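Enquirer:
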Amino acid sequence: MNEKEILLSNLDRIHTTEMGIERIKKNLGLIDEDAVEYCIKIIKDKDCIVTKKGKNWYAKLGNCEITVNRNSYTIITAHKKN
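With our numbering applied, the sequence shown corresponds to residues 1 to 82, in that order.
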């Protein structure tokens with residue numbers, strides 16, 4: 001099973017903290033969207049590339065990169081890349 005398949009098979013475990021929600025919303029410019037659901041939607045996209053580096057997964061789609069802890073499935077942060 002590749003990294004994306006592992007992450008996709010555990011979507012129900014993906015979550016973040018209250019501080020994480022605020023950080024994700026600020027970094028991605030989200031206003032009314034649910035930050036976790038937004039990140040899951042990106043991860044599920046067929047063009048999203050998931051890689052493993054150290055203790056985290058990095059899900060990249062377009063200019064967006066989401067960092068997810070591999071052990072806890074906590075979304076650490078999300079950024080727009082230039």
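Just so you know, even glycine gets a beta-carbon here, dropped at the ideal spot from N, CA and C. Note that the structure is a prediction, hence the values are computed from the model and not measured.
For T17, count neighbouring C-beta atoms within 10 Å of its own C-beta (all shown protein chains included) and say buried if the count is 16 or more, exposed if not.
Expert: Exposed.
Enquirer: Cα separation between L11 and Y38?
Expert: Going by the C-alpha atoms only, they are around 12 Å apart.
Enquirer: Leaving out the 5 sequence neighbours to the left and right, which residues in its chain are closer than 8 Å to I30 when beta-carbon positions are compared?
Expert: It should be noted that the sequence gives Leu, not Ile, for residue 30. I24 and Y38, listed in sequence order.
Enquirer: What does the alpha-carbon distance come out to for the pair L61 and Y73?
Expert: Approximately 18 Å between the Cα atoms of the pair.
Enquirer: In the DSSP assignment, the alpha helix (DSSP H) including Y38 goes from what residue to what residue?
Expert: Per DSSP, Y38 belongs to the alpha helix (DSSP H) from A35 to K44.
Enquirer: Does DSSP put L30 in a helix, in a strand, or in coil?
Expert: Looking at L30 - three-state DSSP - the assignment turns out to be coil, as it is neither helix nor strand.
Enquirer: With DSSP as the reference, label I14 as helix, strand or coil.
Expert: Coil at I14, not helix or strand.
Enquirer: Quick check: what's the CA-CA separation for K81 versus I66?
Expert: When rounded, the distance between both Cα atoms is 11 Å.
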